Amino acid sequence: NYLLSVKICICIIHIIIVHVRNLTLCSFAVRALASQPEDFLLLPSFDFRAFRLAQTMIFAIEEINQNSALLPNVALGYRIYDDCSSSTIATKAALSLINDIEETVSGENCRERSRISALIGGGSSLESIAVTRFISPFNIPLVSYFSTCACLSNRKEFPTFYRTIPSDSYQSKVLAFLVRKFGWNWIGTIRVNNDYGNFGMQTFIDTVHQLGVCIAFSESFYRTDPIERITDIVQTVKRSSTKVVVAFCATREMRILFKELLRQNVTDIQWIGSEAWVTSDTLTSQENTQLLVGTVGTAIRRSGIPGLRDFLLSVHPSRFPDNTLVKEFWETAFKCTLRSESASSQRVTSGSRQCTGKEHLEDLQTAYSYLKIDGPTCNVYKAVYAFAHAFHHMFSCERGKGPFMNNTCLLHYMQSVNFTTLSGDNVYFDVNGDPVGTYDLINWQINSEGKAEMKIIGYYDGSAAPGQEVVLNEKDIIWSGGQTEVRHPLSPCTSCPRGSRKVIQKGQPICCFDCTQCSEGEISNVTGELHTCQQCPWDYWSNRLRDQCLPKATDFLSYTEPVGAALASLALTGLCTTLVVAAVFFQSRHTPIVKANNSELSFLLLFALWLCFLCALAFIGEPSGRTCKLRRGAFSVSFVLCLSCVLVKTVLVLLAFKTTVPNNSVLRWFDATKQRLSVFILTFVQSFICALWLTLSPPFPLKNTEYYEDIIILECAVGSVTAFYWASAYIALLSCVCFLIAFFTRKLPDNFNEAKCITFSMLIHCAVWITYIPVYVSSPGRHSVAVEVFAILMSSFALLVCIFAPKCYIILLKPAQNTKKHLMGKEPSKRL
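Shown next as structure tokens:
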């Protein structure tokens, strides 16, 4: 058996080294130090919490040394340095330890030289960053119980850093969750201007921005900043419309800020705090109560340490008669003076009572004995045990069988630390040297004695299943000003009404915006939430207020509207007129004028015109699959039938007057059968085209939104464009041929010749359809259908009136002219 003394340096904030007689180890106490003269007045004379942390470390070391199962035959020792909250002093202390420089203090020296294998500290992220960068080249691990900066998780920069306190990346997300949970979307932020505050607040802001929370102001300061800077920050808080402020600061910075807030009487702030200050008892003075009550924040998850409270309460000046710091602790705690003269007694005012030595620590209500909510105490305990387990595994490795030579690589064993404390907490480090994030959620409230105290209102467990990390008892929360209901500060810029959207103001916080009405076809049916409006479905359109999507208005040529009713009336008039003309011709079918104009073709032409008028009615009304086919197919065939009859009649006139050889008339060759066959063939060609059209790709009803965004045009799509062009071209071809032949026969004898009437009718017909094309293209919707119906009616009326009106006039009003002699020109005609 051999005794290997391994000394571990515990770098704790506010710690001063002293030597105490009759102890084998260097004992210590804690004294609060101020960085500025004016700040000294704000600090208590003795920091009980820091003294408790130091005693916890001693308790853990003594417990390990008495444990035969952990590090058998090995005793742990320690040295203690005060970093004075200065990274420079902390680095010098680390240098001293690495170089094994003996530290001389009043009285005796700790003269035994030791190998420094590991460090615990420091009291803030700044000190840990400085010390870790210095000791990393020597592969000396540093475990911190209070450094939370997320930057320390960077393994490339800090390969030897470990901690038993969660990284601020967890805390920032917890605070962001609280902000969102309580419905705050307009908040302010204040941070300490160092790595702890900057990294932590940046993570918080990035998280809340994703949750739709806006930052009204974001201020930073450090305790060495001039007082004018603090005054400006308080003025910003005072002027802001939000009264919810998230603070990522240390205790000293918050103490300075609270002092200025009280001076300016700004006491209505709802504080959300990080664990670095929100659990500090040094802020619980009577004057700070009105500021502190209602504060919600995170605290390091506490757990019980068996035997620790008894150990803390066992401290007594009689056990350490030469330890001046224990004496100072006792005098400060009980506000008395010990009989022996010491430097500590000078801190007690003259005339104070004498200490009897029978005072009991359990009767005190100080941060030293208050263990109900204190995570750092547990973290110090875990940090000591983490090193103990790493040493245990390293020393247990047999020579030649371990992964490293001479069992010297502590870092390897630190990474594999995994143990469970007596209270059931599992301690291990991830690849970045961090533990899993666990926090208590606390709320400052007034107790029955009228003092501020912390109360646990929930907890956060980073190892829980997604969505179950946070457990919160909202009913137990007391808010700022003693209110039981949470305040919901909203953006003061604007709250956009329904039917509008947000437009961010340039250079202003994200929650400052203008409201602009949603565009046509878009809606917003909520108040003050949307940055973009919602697009209505293609067949819906926004109403005038832009808060509701309504079905789009449909546009088609209806019987109920004036234009549709007028065209329908014209079509019915054409139908009736055609029937009247047919009746007149039927009654006069034996008269010369009817016979001379080929009565069979005339009746067929009248039937075709009647069909054209009837087809015009199919263009009026809501389109359907049946009416779309009828519109194109029936009209194309009917119109070609009209043109075929007109063409055959015109050819007959031409042949009748061009034949000069007696008894050899061409009319005998082009008899009635061939006339019928000609009409049939000409009509059959169009019928064949339309049959293919309606079979392969027929016209179909279409909801057209191309021309108008807010109106659906109900129209008939042509289907096959090729078939449509073929059918239209065939109609145009027949029209041109009819017009040309009629034009050439217009000067034949008047009495028998109807070529002039056909020429005039075809001239009107062609003019109508030529005019129709540009008007149709430029008039979408029901207007285009109206133009097409009008063209059909006008061309049909042109044929009906121009060809049949003169004949009806003679039949009905001039029956004397309805004779064969008159038609043959043997009787002079009279001018009307």
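Residue 774 in UniProt numbering sits at position 774 of the sequence shown; the count goes up by one each step and never skips.
Virtual Cβ for every residue (Gly too), placed ideally from N, Cα, C.
Being a predicted model, the structure only gives us computed values, none of them experimental.
Coil, strand or helix - residue i by DSSP
i, result
"Ser68", "coil"
"Asn704", "strand"
"Thr516", "strand"
"Ser218", "strand"
"Lys595", "helix"
"Phe248", "strand"
"Trp610", "helix"
"Gln817", "helix"
"Gly450", "coil"
"Gly107", "Residue placement at Gly107 cannot be trusted, given a pLDDT of 35 that sits under 50; what the coordinates show is reported in the next sentence. The answer is coil: DSSP assigns Gly107 none of H, G, I, E or B."
"Thr189", "strand"
"Glu522", "strand"
"Glu157", "coil"
"Arg501", "strand"
"residue 882", "The chain is shown from 1 up to 832; residue 882 falls before or after that span and cannot be answered."
"Trp541", "strand"
"Gln365", "coil"
"Ser602", "helix"
"Ile758", "helix"
"Trp271", "strand"
"Glu359", "coil"
"Ile120", "strand"
"Ala299", "strand"
"Gln264", "coil"
Residues of its chain near residue i, where Cβ-Cβ distance is below 6 angstroms and the 5 sequence neighbours each way are ignored
i, result
"Ala672", "none"
"Trp693", "Ser720 and Ala723"
"Leu126", "Ser87 and Asn194"
"Trp726", "Ile689"
"Phe760", "Cys802"
"Leu813", "none"
"Asn704", "Ile713 and Glu715"
"Arg782", "Asp555, Phe556 and Leu557"
Extent of the continuous alpha helix (DSSP H) run through residue i
i, result
"Asp232", "Ile227 to Arg239"
"Val293", "Element bounds for Val293: n/a, residue is neither H nor E."
"Pro562", "Pro562 to Gln587"
"Asp195", "Asp195 to Gln210"
"Trp444", "That residue, Trp444, is in no alpha helix (DSSP H); its beta strand (DSSP E) goes Thr438 to Ile446."
"Cys690", "Ala672 to Leu696"
"Arg626", "Gly625 to Lys629"
"Tyr725", "Val721 to Phe744"
"Cys378", "Gly375 to Phe395"
"Tyr170", "Asp168 to Lys181"
"Val131", "Ser125 to Ile135"
Close-in-space but distant-in-sequence residues of the same chain around residue i (CB under 8 angstroms, 5 per side omitted)
i, result
"Arg831", "Per-residue confidence for Arg831 stands at a pLDDT of 42, beneath the threshold of 50, marking its modelled position as unreliable; the derived number appears in the next sentence. For Arg831, where only same-chain residues beyond five positions count, there are no Cβ hits under 8 angstroms."
"Leu211", "Ala176, Val179 and Arg180"
"Leu579", "Trp610"
"Phe804", "Val581, Phe585, Ser602 and Leu606"
"Tyr459", "Arg301, Thr438, Tyr439, Asp440, Leu441, Val470 and Val471"
Any non-hydrogen atom of the ligand GTP closer than 8 angstroms to residue i Cβ
i, result
"Val653", "This structure lacks the ligand GTP; in fact it carries no ligand of any kind."
Cβ separation of residue i and residue j, assumed to be a contact under 8 angstroms, to the nearest whole Å
i, j, result
"Phe556", "Glu622", "5 angstroms"
"Gly294", "Gln270", "6 angstroms"
"Cys536", "Ser519", "Cys536 to Ser519, Cβ: 10 angstroms. No contact."
"Ile523", "Arg544", "The pair is not a contact, with the Cβ atoms about 11 angstroms apart (cut-off 8 angstroms)."
"Ala60", "Val384", "4 angstroms"
Unbroken beta strand (DSSP E) run spanning residue i, endpoints
i, result
"Tyr81", "Val74 to Tyr81"
"Ile477", "Premise fails: Ile477 is in no beta strand (DSSP E) and is neither H nor E."
"Pro551", "Cys549 to Pro551"
"Thr88", "Per DSSP, Thr88 belongs to no beta strand (DSSP E); it is in the alpha helix (DSSP H), Ser87 to Ile98."
"Phe419", "Asn418 to Thr420"
Chain-order list of residues whose beta-carbon lies under 7 angstroms from that of residue i (same chain, five-residue window excluded)
i, result
"Leu23", "Any reading at Leu23 must be qualified, since the residue scores a pLDDT of 25, below 50, and its modelled position is unreliable; the value itself is stated next. Around Leu23: no qualifying Cβ."
"Thr696", "At residue 696 the sequence reads Leu, which differs from the Thr that was named. So the list reads Ser720, once near-sequence residues are dropped."
"Pro141", "Ala118, Thr160, Tyr162, Leu410, Leu411 and Met414"
"Cys645", "Leu601, Leu604, Leu605, Ala608 and Val679"
Are there three or more Cβ pairs, one per stretch, closer than 8 angstroms when the segment 141-154 is compared with the segment 116-128? Three or more Cβ pairs drawn from the segment 141-154 and the segment 116-128 lie within less than 8 angstroms of each other, which places the two stretches in contact.
Touch test, the segment 790-802 against the segment 768-779, Cβ-Cβ under 8 angstroms, three pairs minimum: Yes, they touch.
Validate contact between the segment 706-713 and the segment 547-556 using beta carbons, cut 8 angstroms, 3 pairs: They touch, by the three-pair rule.
How about the segment 284-293 and the segment 356-364: do they share at least three Cβ pairs that are nearer than 8 angstroms? No, the segment 284-293 does not touch the segment 356-364.
If we count Cβ pairs, one from each stretch, closer than 8 angstroms, do we get three or more for the segment 426-438 versus the segment 183-193? Contact fails: fewer than three Cβ-Cβ distances are below 8 angstroms.
For the structure I just gave you, are there three or more beta carbon pairs, one from the segment 600-617 and one from the segment 765-772, closer than 8 angstroms? No, the segment 600-617 is not in contact with the segment 765-772.
Counting pairs of Cβ atoms below 8 angstroms between the segment 215-222 and the segment 273-280, do you hit three or more? Flag = no, the segment 215-222 and the segment 273-280 do not touch.
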